[in-house]
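Single-structure report; data block below.
Numbering (the UniProt record's numbering), first residue to last: 1 to 1142.
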């Protein structure tokens, strides 16, 4: 569980929030005091040593010895004056006060004198504020009470403090004020066991109680300490006792009745008080209730957690950085490491149990991912605790883990909430993979055999099988063995669990042990992942490992020379032996990323010598983690729709944190970079296939920017681009635009340099050929954005720039592929591409014209009418330039385009005919269109015919409306429309698109209409084609009559040829329309059109009278729909003009 991160450097993590900043209703902090101060621990005392001797866990002992060894290496500002030495009597009293109660010391022979009793009483109070703080924080919801107590202590509000035995009393209030609080504390074995405040009687901890405890710790030498009351009273005479009792009653008269009730019982021979030996002495300790305050505090914590579990938000993702900064973590999870580091391991285990119990109870009630995430994290805390600490509390934690497992086994519909993901947290590398190894050599615990491996809290039960700390691990953690020479080796899940324990529960003094263990784990991961890296076993870390082995045997020049030439077979064998537990690639890269991040954020590495051999392992692992990042879900080539990509964005944030680390600036880092460069040159990026480690390549390119190896990185980046055919296909474009665009932009910009370098034609052709087969629209958009923003913009405008054809071809290649692959994400680049080509055309119009014509089918489809017109202006200007006449190749591209039979030519596709600047070329092109008309749409044929007629005008031949080629194209357009209608291959909007061009020809015919034209063959053919093509569109034919009405000869001829047939078509069309109508509004629309048709027929002479239209059109319609009474009634009522003549 990596969500409970505790960084071990002095300043904590630079991205964690202050623990005082709770996100619920709290009293705002007005000072900078921090409850979790990270000041350096003082040198460990004899008391701490005795306390650790009582611990049953050898692993905890190892950590303690490691802490002492680290502290011994730190110079301390302590005085060497022997006068300041602690007396031996005080040392003995402090050790006695920690481990023995005063009640147990009554039987000492000889008995202890009052001087020694006072010293033991003085040392029985807690000496460390953190111990009081840990207990109090279990009850306090905010830091406000602690801050108030600190201010009261500093402002001198505590007075009249007196300690009698193991009881402390004081008055809290402003000087000379009657508004006071009387506080009484009882303590035993340096633990406060009872608290009482006159102003806050219901609170276990309040600011008054805390201020008294702080004052006693900070000013212990000024507090008068008296022996227990029993010892004092035993030395008093009868008169003195009488005076003492009378004075006490006089000071507090209300105590008279309780005192006399006890006097009666003392004198009564039958009372218990008379017959018992001695009497209760609250100042002599309460050993039986030593845990009373702890138990009450834990009960308060559990009550608070049940009430605040919905208020404190816990991130429902694997981001352990955000988890560590969450209020839930600071309020509950953080209590566990605080208690452990203050020596209260048993209470820490109880807190763990409380947290798990509350979360388990909340899962059925709350359908909340944050609850299940916290439950998964507390499971990891259980595993770490069980594997590291001993005593009865360990058995209690194991027992509770078994209980949770059995409960979760029955909660089948909640199982998915509590199962860790397959790769995204350290806890996913479970102990079950090495369970057989853990069982070997010892009898399996009964609990492991009873629990279910499919339910929650199976891992903590497995952790109970982890053996005690081996000598090799002891020597590693204590610093006796260096990481590279250590013989410590366990199953990887066990090693990761031990490392996580240092992260979760370790103190600031355990960061060195954390570093040494982390290096050993990274060494193991490097061996396991060697087959996934292009370096294999040739990384500098492997050489450092071999050098360390030679140094252990005694360094010699011969051995080092032999190392440089020796084969890597031996290292490969060691890798196979070490990698007994194989991990999925995603888990492997996450484990390396996690450990490297922890080691870097502790800032322990800054204090190390850069020549330290173990540092090479960390550096290699950081590079390897970034290289293996290609296996994470956000990496190219991996698509898993079940994953929430937003949840795993933090992995790239961790990776970026590593890239910005100071460690990449050291000399050993540059050595690793060069090894990767050499390996990429030797093996090529084909090693990675389509899963390019773009983060690694980006880092290498940025690190080598400005060096003399530009050609080398151009080659590497070119290969990386060409091997990435579909890096983002199927992924979320927004996620990749954010996390991968920067990486790919640097790589692409480096590869684009082949477009502008001499003697790089082969590489440029290779790059363009790659993009001509690209299948990934997201990658295409990123590629164009990088080219426009970082290549073309930077280079454009330079006087010495020779614009080759490659940039133009590259851009048009992307345009072609966007149409072929239907990339919606690339359509937004249309205007930018058009502007870029226009800028290039200012300097190289011939090259732009040639490549536009070469890709005109794609260009005409992709760009809008306005952009196409810009291109036509550029090409026409180039063609019209007399100084540089265009070569025939340009016009041949036009002919090749219109002869293409593999595309459907639309009007946009035909615009290119406008650049033909001679009649010969235009005639040749029109002949090619005529013979290839089947590949042109009707609208395209009509546009060509219209353009030609506008250019040449009416024919000189009498009786012809249009020239031969125009009329032929018009006939072909009509034929195409009829064929598509017959084959049902034309859509309504496509047919409507042809209406306006045909109307243009109506006007053209009407403008030149005369007797000769009416008698000519062309007009007869035109009428026949029109009637056959638009047989089902009588209203459109009526529009034709309206248009030619300006020419009487044409109108008379058209009426004679089409009049009767038009009447039949009107009747048939309106009958069908009314058949499909059912509402009054629909009837209105149809009858309005019928009325318009009637008026048009009468106006243009198609019908000689109203009665004729009625008999041929209106009456048949009424008879056909006579049963539609609502239609007939509506027609009679509102459209009487249709019946007027009758």
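For glycine and all other residues, C-beta sits at the position ideal for the given N, C-alpha and C.
query	result
Out of 856, 822 and 842, state which residue places its alpha-carbon closest to the alpha-carbon of residue 809.	856
So for residue 197, helix, strand or coil by DSSP?	strand
The beta strand (DSSP E) with residue 158 in it runs from where to where?	158 to 164
Please name the residue in 480, 903 and 912 whose C-alpha comes closest to that of residue 873.	912
Shortest alpha-carbon distance to residue 527 belongs to which of 498, 620 and 514?	620
Sorted by chain position, which residues of the same chain lie with C-beta nearer than 6 Å to residue 666's C-beta, five sequence neighbours on each side aside?	610
Have a look at 158, 1081 and 328 and flag the residue whose alpha-carbon is nearest the alpha-carbon of residue 355.	328
Excluding the 5 residues flanking residue 536 on each side, which residues of the same chain have their C-beta closer than 6 Å to its C-beta?	530
Less than 6 Å between C-beta atoms, sequence neighbours within five positions excluded: which residues of the same chain meet that for residue 97?	120, 123 and 124
When the Cα atoms are used, what is the spatial distance from residue 915 to residue 902?	23 Å
What is the DSSP secondary structure of residue 742, counted as helix, strand or coil?	helix
Which same chain residues, not among the five before or five after residue 32, have their C-beta less than 8 Å away from its C-beta?	At residue 32, the pLDDT of 35 sits below 50, so the modelled position is not reliable; the number obtained from the coordinates is stated separately. Cβ neighbours of residue 32 beyond the five flanking positions: none.
Tell me residue 192's beta-bridge partners as DSSP assigns them.	187
So, with DSSP's three-state summary, where would you put residue 858?	helix
When DSSP labels each residue in this structure, what does residue 464 get in the three-state scheme?	coil
Run through the segment 82 to 138 for me and flag every whole alpha helix (DSSP H) of 4 or more residues, listed as ranges in chain order.	88 to 99, 114 to 124 and 129 to 137
What residues in its chain sit with their C-beta under 6 Å from that of residue 661, if we drop five residues either side in the sequence?	600
Hey, could you find the ends of the beta strand (DSSP E) residue 167 is sitting in?	167 to 172
Select from 1034, 386, 540 and 512 the residue whose C-alpha is nearest the C-alpha of residue 465.	386
Identify the residues that DSSP records as bridge partners of residue 181: which are they?	172
Taking the alpha-carbon positions, what's the residue 393 to residue 131 distance?	19 Å
In the DSSP assignment, find the unbroken alpha helix (DSSP H) run with residue 823 in it and report its ends.	Unbroken run through residue 823: none, as it is neither H nor E.
Is the number of C-beta pairs between the segment 368 to 382 and the segment 156 to 167 that are closer than 8 Å three or more?	no
With burial defined as no fewer than 16 other Cβ atoms inside 10 Å of the residue's Cβ, what is the status of residue 895: buried or exposed?	exposed
Does the segment 998 to 1015 come close enough to the segment 1062 to 1076 that 3 or more CB-CB pairs lie under 8 Å?	no
Along the chain, which unbroken stretches of the alpha helix (DSSP H) at least 4 residues long are found entirely within the segment 292 to 329?	292 to 308 and 320 to 324
Alpha carbon to alpha carbon, what distance is there between residue 496 and residue 678?	33 Å
Would residue 450 and residue 532 be called neighbours here (beta carbons separated by less than 9 Å)?	no
Could you tell me the alpha carbon to alpha carbon distance between residue 338 and residue 362, rounded to whole angstroms?	25 Å
Residue 17 to residue 381, Cα distance in whole Å?	For residue 17, the pLDDT reaches just 34, beneath the cut-off of 50, and the residue's location in the model is therefore unreliable, although a value from the coordinates is still provided. Taking the straight line joining both Cα atoms gives about 22 Å.
Under the three-state reduction of DSSP, which class applies to residue 1002: helix, strand or coil?	helix
Helix, strand or coil, according to DSSP, for residue 672 in the structure here?	helix
Looking at residue 616: is its Cβ nearer than 9 Å to the Cβ of residue 540?	yes
Output yes or no for whether 9 Å exceeds the beta carbon distance between residue 126 and residue 191.	yes
Answer with buried or exposed for residue 1114, where buried requires no fewer than 16 other C-beta atoms within 10 angstroms of its C-beta.	buried
From this set, 607, 613, 995 and 469, which residue's C-alpha is nearest residue 485's C-alpha?	613
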